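Peer 1: Please find one structure pasted underneath; my questions will follow.
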Amino acid sequence: MSSVDDINEDAIEISRPKTWAAGVPGVTHAMGPAFRQMGVPRSLRALTAMNQRDGFDCMSCAWPDPALRKTFEFCENGAKAVTWEATPVTVPTTFWAENPISELLTKSEYWLGMQGRLVEPVYKPAGAEHYRPISWDDAFTLVGDTLRELDSPDQAAFYTSGRTSNEAAFLYQLFVRAFGTNNLPDCSNMCHESTSYAMAETVGIGKSTITYADFARADLIIIMGQNPGSNHPRMLTALEEAKQAGASVVAINPLPEAGLLRYKNPQTVQGVIGSGTVIADQHLQIRLGGDMALMQAISKRVLDAEAARPGTVLDHDFLRTHCVGLDELRAHLAQLDDAVVATATGLAESEIDELADRYLRADKVIITWAMGITQHKKAVPTIKEIINLLLLRGNIGKPGAGASPIRGHSNVQGDRTMGIWERMPPVFLDALEREFGFNPPRVDGLDSVGAIRAMRDGLVKVWIALGGNLVAAISDTAVAEAAISKTALSVQISTKLNRSHAVVGDAALILPTLGRTEIDRQVTGPQFVSVEDTVCAVHSSAGPLEPVSDRLLSEVAIVSRLARATLDATTSIDWAGFENDYDLIRDHIAHVLPGFADFNRRIRQQEGFSLPNGPRDLRTFSTPSGKALLTVNELEHLVRPPGRLLLQTLRSHDQFNTTIYSPNDRYRGIKNGRQVIFVNPEDVEELGLVSGMLVDVHSEFSDDVDRVLRRLRVVAYPSARGCAAAYFPEANVLVPLDSTAEGSNTPVSKAVLVRLEPSR
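Once you know that position 520 of the sequence shown is 520 in UniProt numbering, the rest is easy, because the numbers rise by one and skip nothing.
Written out as structure tokens, the structure is:
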């Protein structure tokens, strides 16, 4: 067990933010922890297999792999993810007796994760204060008996993390639907649900419309609401290659991020001893919530340019053949008020003009975005405006152009493809019925926010999570924790400890699972799994390391045994066969899902395969009209009263989702602390505050509940005026459960109205 101390905020050190990313420090911060925690042989065996054709897929972001791969095809944070999972440190049996639930509740995510790998099933009986070891058989029997005793299958909810493989995800949703519910919330509900909703309506698919190779073919790449340097660092290499090929890059973000200022590629001479590559040619430091207004302003300028030079600006052939809604969009944007745009964006007219000029000069444009776009109240119409801008000049369905949402978790996109969604369409459910001989439930289930509400209201009594850390990831922390605590049984299938193991139902189970880095041996021999990356490419993944314990089961084995314990007498599905041979799962996937025909042969190809993508491949659009839809969206911008700020939550550099690798954020100049709030220096002065002082942050929402995060240290930071930032998941307490994006129901974590008061 690790003896790491918890974070001591009194030891925090604050320095100037960095103006470049990666370089030699990126290597030392990646390899140093790996060698210290795993040892040199284990580290090299794992890292040289990472993202390789015969290796395993990185368990952090879903960034795609290039055709030509380097020996070291990983980034700093990918190496940290491997170190975190593949550590040989394990949680001993004595830990559970020494650490009651009440003690675990006082610990940070960092401390919990650093205790080591979970290696034995443990159970907290109703009324008990401690987990205690339990056999695998007894654990499965307990879950099966509890599920069968429910009054309705809808009294259970089944969560999924984006690290789950295609095979485990398909099996999981099959088990859940055979049990009788569509309650399948997942981490997509909190990240790119807005993307899926907006793109499905406008272009007929909720996924990226580009390939990896398109970045190097683009004339212009517009990066919105994302920080590649920390959240998906390998993207910086693709951007560098695009710059070398002649592309321009524009960054749109309230904060200047080091990776978009300058990138020192540690695998090139220029990156090690030279000055690196300037990534962003233009940085628009936009006000939170202003992206929709900006996209409308650019589209209006494109339409105005067409009016001034008829027939020379818009892609008329594309619009006439493949799109509907142009006249309505033109009439709507003609009424756009420049003063409203200026207020909403905080940008000068000259800055918007410059971006419009760049767009008009470029023949091939990619717009790429992440959660800085998707977690707003108006996220769905904002993404629709991104699509509008791309469609006007035919920037979908041609090389070097398209829409590029960047998924933040390894297989979150594959999970959705496999059926992890509370609202899968009838065509999928019909295919399940034909393949497995049962009638899946047809009533929509609960998403993540809905599941919290249902647990809060006593409607969901059993909570099962295949990976993840929902209690830390979801909004309104106090409400979420109280909701989980009201369940009769909570079950976590996990590799390491997190907050969701301390916030538990009346009874609770932890079921430890193999990591992606580990060899998965079953009756028929070593198994591999598959994942889908952010550009719809499906490839295999097989861990090279010996498991840290022979007591661990794979996710597929755990799901199979849960299904057998719950359903064995009521279905003819061969759950045991699935556990023994993952090829059997893939055979069924091939029968159920379009694009997966001959799955077992194709996944064994060196490059895997890409799923069909109508907009990208053929300029076909699966919408009711059969054409891409240009949409009219009413502009609404956030009003900030005097004395208030707009807060966004974000990750530190040493963090992946809710996993904290260290208490540092070196690109933003933070060491040994996380309880900080970044505020523009002029706002600090205007609010009567001083950089370094402690404040209580109160969010203001229409329900009048006083949500407060106490004792954050003010850090004067070059953010957009009127905007502030604090770390996720700590600041989730400030985000109301009922504050969600229109249409997608994603928590609004990127524009929270707050006031700052000096701490007492």
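Note that beta-carbon positions come from the ideal geometry of N, C-alpha and C, so glycine has one too.
The structure presented is a predicted model; accordingly, all values stated were derived computationally and were not measured.
Indicate whether Arg711 and Leu734 have their beta-carbon atoms separated by less than 7 Å.
Peer 2: Cβ atoms of Arg711 and Leu734: not closer than 7 Å.
Peer 1: Nearest-angstrom Cα distance between Val302 and Thr517?
Peer 2: Computed Cα separation, rounded: 49 Å.
Peer 1: Report all residues from its chain with a CB closer than 8 Å to the CB of Gly225; omit the five preceding and five following residues, and keep chain order.
Peer 2: Excluding sequence neighbours, Gly225 sits near Ile252, Asn253, Asp291, Trp369, Ala370, Met371, Gly372, Ile373, Thr374 and Lys750.
Peer 1: What do you get for Leu396, buried or exposed, if any count of 16 or more other CB atoms within 10 angstroms of its CB means buried?
Peer 2: The question names Leu, yet the displayed sequence has Ile at residue 396. That one is buried.
Peer 1: From the DSSP output, read off the bridge partner residues of Ile221.
Peer 2: Ile221 is bridged to Val249 and Ile366.
Peer 1: Helix, strand or coil: which one does DSSP assign to Gln285?
Peer 2: If DSSP states are grouped into helix, strand and coil, Gln285 belongs with coil.
Peer 1: Check whether the region 80–98 touches the region 469–479, taking contact to mean three or more Cβ pairs, one atom from each stretch, closer than 8 Å.
Peer 2: Too few Cβ pairs lie closer than 8 Å, so no.
Peer 1: If we call anything under 7 Å between Cβ atoms a contact, is Thr146 one with Asp186?
Peer 2: Not in contact: Thr146 and Asp186 (Cβ atoms no closer than 7 Å).
Peer 1: Quick one: what does DSSP say residue 778 is sitting in, helix, strand or coil?
Peer 2: For the chain, the structure presents residues 1 to 760; residue 778 sits outside this window and is missing.
Peer 1: Going along the chain, which residues of its own chain have a beta-carbon closer than 6 Å to the beta-carbon of Pro228, five neighbours each way excluded?
Peer 2: So the list reads Met235, Leu236 and Gly259, once near-sequence residues are dropped.
Peer 1: Considering only the alpha carbon of each residue, which of Ile386, Ser560, Gln173 and Gln527 lies closest to Ile221?
Peer 2: Checked all of Ile386, Ser560, Gln173 and Gln527; the closest Cα to Ile221 is Ile386.
Peer 1: Identify, in the order they occur along the chain, each residue of the same chain with its Cβ nearer than 8 Å to the Cβ of Thr141, setting aside the five sequence neighbours on each side.
Peer 2: Excluding positions up to five away in sequence, the list reads Ala565.
Peer 1: Going along the chain, which residues of its own chain have a beta-carbon closer than 7 Å to the beta-carbon of Ile14, five neighbours each way excluded?
Peer 2: Counting only Cβ-Cβ distances below 7 Å, and skipping sequence neighbours, we find Gly669, Ile670 and Val715.
Peer 1: Between the region 555–562 and the region 576–596, do at least 3 Cβ pairs fall closer than 8 Å?
Peer 2: Yes: at least three Cβ pairs fall under 8 Å.
Peer 1: Taking just the CA atoms, how far does Lys398 sit from Asp617?
Peer 2: One C-alpha to the other measures close to 8 Å.
Peer 1: Just verifying my parser: in three-state terms, what is the DSSP assignment at Met50?
Peer 2: In the structure shown, Met50 sits in a strand (DSSP, three-state: E or B).
Peer 1: Could you spell out the range, first to last residue, of the alpha helix (DSSP H) harbouring Arg330?
Peer 2: Arg330 -> alpha helix (DSSP H) spans Leu326 to Leu333.
Peer 1: Within the same chain, show all residues whose beta-carbon is closer than 6 Å to that of Leu509, passing over the 5 residues directly before and after it, in chain order.
Peer 2: Closer than 6 Å at the Cβ level, and outside the excluded window around Leu509, lie Tyr123, Ala139 and Val491.
Peer 1: So the candidates are Ser494, Pro612, Asn657 and Pro594; which of them puts its Cα closest to the Cα of residue 766?
Peer 2: The chain is shown from 1 up to 760; residue 766 falls before or after that span and cannot be answered.
Peer 1: Going by beta carbon distance, what residues of the same chain come within less than 7 Å of His192, once the five residues before and after it are set aside?
Peer 2: Contacts found: Thr374, Pro405 and Arg407.
Peer 1: Is it true that the CB of Val460 sits closer than 7 Å to the CB of Ala157?
Peer 2: A contact, by the Cβ cut-off of 7 Å.
Peer 1: By Cβ distance, which residues of its chain are closer than 6 Å to Glu167, with the 5 residues on each side in sequence left out?
Peer 2: Result list for Glu167: Val529, Val556, Tyr582 and Ile585, in chain order.
Peer 1: Is it buried or exposed for Arg42, if we count other Cβ within 10 angstroms and need 16 for buried?
Peer 2: It counts as buried.
Peer 1: Take Ala507 as the anchor and find which of Ala126, Trp63, Arg423 and Lys80 has the nearest alpha-carbon.
Peer 2: Nearest option by C-alpha distance: Ala126.
Peer 1: Does Glu686 come out as helix, strand or coil in the three-state DSSP assignment?
Peer 2: Residue state, collapsed to three classes: helix.
Peer 1: Does DSSP classify Phe56 as helix, strand or coil?
Peer 2: In the structure shown, Phe56 sits in a strand (DSSP, three-state: E or B).
Peer 1: Determine contact between the region 321–335 and the region 257–277, defined as no fewer than three beta-carbon pairs at a distance below 8 Å.
Peer 2: Verdict: no, contact absent.
Peer 1: Taking 7 Å as the limit between beta carbons, can you name the residues of its chain near Ser572, skipping five residues before and five after?
Peer 2: Gly437.
Peer 1: Within the chosen definition, does the region 64–71 reach the region 531–540 through at least 3 CB pairs nearer than 8 Å?
Peer 2: The answer is yes - the region 531–540 touches the region 64–71, with three or more Cβ pairs under 8 Å.
Peer 1: Whole angstroms is fine: what's the gap from Ser554's alpha carbon to Pro547's?
Peer 2: Roughly 10 Å between the two C-alpha positions.
Peer 1: Classify Lys300 as buried or exposed, calling it buried when 16 or more other Cβ atoms lie within 10 Å of its own Cβ.
Peer 2: Burial call: buried.
Peer 1: Pull up the distance between the alpha-carbon of Ile298 and that of Ile352, whole angstroms please.
Peer 2: Going from the Cα of Ile298 to the Cα of Ile352 covers about 7 Å.
Peer 1: Quick one: complete beta strand (DSSP E) runs, 3+ long, within the region 523–557?
Peer 2: Complete beta strand (DSSP E) runs here, min 3: 525–527, 529–532 and 537–541.
Peer 1: For the alpha helix (DSSP H) containing Trp463, name the first residue and the last one.
Peer 2: First-last for Trp463: Val462 to Leu466, but that is the beta strand (DSSP E), not the alpha helix (DSSP H).
Peer 1: By Cβ distance below 8 Å, which residues in the same chain neighbour Lys70 in space, the five residues on each side in sequence not counted?
Peer 2: Within the same chain, Lys70 has close Cβ partners Gln267.
Peer 1: So for Ile14, helix, strand or coil by DSSP?
Peer 2: Strand.
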